[in-house]
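Report on the following structure.
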Amino acid sequence: MRKIVCSAVALLFFCAPLFAQVIGGDPYEFYMPDPDLNSSSSYSGSDSDSTASAAGSNSEERSEIVLKLEIAPAGQINTKNSISPGVSYDGAQIADNTGVYVAGEYYFYPLKFLGIGAGIKQQFERHIKHFGDLSISNFYLSIKPKFQLKPEAKGSKCKEFVYLIFQGGYGILNNEYKLEYGGAKITASSENGLYYAGGIGFQLNNFIFEIVFDVNESKIKANGSYSGTMDAMYTTTNINVGYRFGF
Numbered sequence: 004m005r006k007i008v009c010s011a012v013a014l015l016f017f018c019a020p021l022f023a024q025v026i027g028g029d030p031y032e033f034y035m036p037d038p039d040l041n042s043s044s045s046y047s048g049s050d051s052d053s054t055a056s057a058a059g060s061n062s063e064e065r066s067e068i069v070l071k072l073e074i075a076p077a078g079q080i081n082t083k084n085s086i087s088p089g090v091s092y093d094g095a096q097i098a099d100n101t102g103v104y105v106a107g108e109y110y111f112y113p114l115k116f117l118g119i120g121a122g123i124k125q126q127f128e129r130h131i132k133h134f135g136d137l138s139i140s141n142f143y144l145s146i147k148p149k150f151q152l153k154p155e156a157k158g159s160k161c162k163e164f165v166y167l168i169f170q171g172g173y174g175i176l177n178n179e180y181k182l183e184y185g186g187a188k189i190t191a192s193s194e195n196g197l198y199y200a201g202g203i204g205f206q207l208n209n210f211i212f213e214i215v216f217d218v219n220e221s222k223i224k225a226n227g228s229y230s231g232t233m234d235a236m237y238t239t240t241n242i243n244v245g246y247r248f249g250f
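Under this note's numbering, think of the first position of the sequence shown as 4, with each following residue one higher.
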């Protein structure tokens, strides 16, 4: 999954000029004031007021803050390696309840079609079969290529966008795994690991709707009468709703 996400991000940068042409702009055009708007400052009275009004209405947003609620109907942990003596888990260990997250993100748009930002995502406790309660705090950088579906009609404020999401960062486990195997409880410690995700979103005015595939990696080290290290990969598919504040 990491290779797929990294390849997708690299492809995004190579295809940036093409994306910009699709939305009808210069591939590397930064947000700059319109000189024509400033040239009208020599006019007075109603013409000046009307120009100022036009300048305000045509101003472009360069940043946004996004607040989201995320629901993961399903989730699972897959493991590699084993703990001695004879502790291994075949197949996926499924979550017993729905996962709930809250997230906050900030994006800056150096190009009209590309947002670069960072975010924090908190998953509240959910129970995983044989692994106990799991709660994770994710800190990540994010890239969001964004395309307007159609220009809004004159006088209309309705805006529709579709966008991709690529996230990469670090996940912190808020509690230790509590392993169970064959009815026995296994003492172990947990190590934090990488977080990465990819998905697609839709924006209607300031409301957003997303589907994102999340991955958290971690390690489990056995203690006491057990020994060895097990690699754990926790995966979810999240359905997100949220609201953005542009400025």
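Cβ coordinates follow ideal geometry from the N, Cα and C atoms, glycine included.
**OP:** Compute the Euclidean distance between the alpha carbons of E64 and Q126, then round it to the nearest angstrom.
**Re:** 30 Å
Original post:
Is V90 near I203, with beta carbons less than 8 Å apart?
Top reply: no
Original post:
Cα-Cα, which of T82, I68 and K124 is closest to N241?
Top reply: K124
**OP:** Would you please state the rounded distance, in angstroms, between the beta carbons of E213 and I168? I believe it to be under 8 Å.
**Re:** 7 Å
Subject >> Span separating the alpha-carbon of Y180 from that of Y166 >> reply: Here the C-alpha atom of Y180 lies approximately 35 Å from the C-alpha atom of Y166.
**OP:** Report yes if the C-beta distance between G186 and K222 is below 8 Å; otherwise report no.
**Re:** no
**OP:** Output the boundary residues of the beta strand (DSSP E) element that contains D93.
**Re:** If you look at D93, you'll find it isn't in any beta strand (DSSP E); DSSP assigns it neither H nor E.
Original post:
Under 8 Å between the Cβ atoms of I211 and V103?
Top reply: no
**OP:** Please report the residue range of the beta strand (DSSP E) in which L70 lies.
**Re:** Counting along the chain, the unbroken beta strand (DSSP E) around L70 starts and ends at S66 to A75.
Original post:
If A191 sits next to N219, beta carbons under 8 Å apart, how far is it from one beta carbon to the other, in whole angstroms?
Top reply: Contact flag wrong, Cβ pair sits at about 17 Å.
**OP:** Closer than 8 Å by C-beta to Q151: which residues in its own chain qualify, once you throw out the five before and the five after it? Chain order, please.
**Re:** I26, K162, E163 and F164
Original post:
Since G174 contacts I139 with CB under 8 Å, what's their CB separation in whole angstroms?
Top reply: G174 to I139, Cβ: 5 Å. Contact.
**OP:** Rank I74, S66 and I86 by C-alpha distance to the C-alpha of Y184 and give the top, closest one.
**Re:** Here the closest residue by C-alpha is I86.
Original post:
Is F250 helix, strand or coil by DSSP?
Top reply: DSSP places F250 in coil when its eight states are reduced to three.
**OP:** Output the distance between the C-alpha atoms of Y112 and S228, rounded to the nearest integer angstrom.
**Re:** CA-to-CA, the gap between Y112 and S228 works out to about 54 Å.
Original post:
Near G245, what residues of its chain come up, given a Cβ to Cβ distance below 6 Å and the 5 sequence neighbours on each side ignored?
Top reply: V69, L70, K71 and I211
**OP:** Report the residue from G171, L144 and K224 whose alpha carbon sits nearest the alpha carbon of Y109.
**Re:** L144
**OP:** Give me the Cβ distance between G231 and Y198, rounded to the nearest whole Å; I'm assuming they're in contact under 8 Å.
**Re:** Wrong, their Cβ atoms sit about 24 Å apart, outside the cutoff.
Original post:
Where does F116 land, buried or exposed, given buried means 16+ other C-beta within 10 angstroms?
Top reply: buried
Original post:
Would you say T82 and D234 are within 8 Å of each other, going by their C-beta atoms?
Top reply: yes
**OP:** Tell me where the beta strand (DSSP E) around P113 begins and ends.
**Re:** G102 to L114
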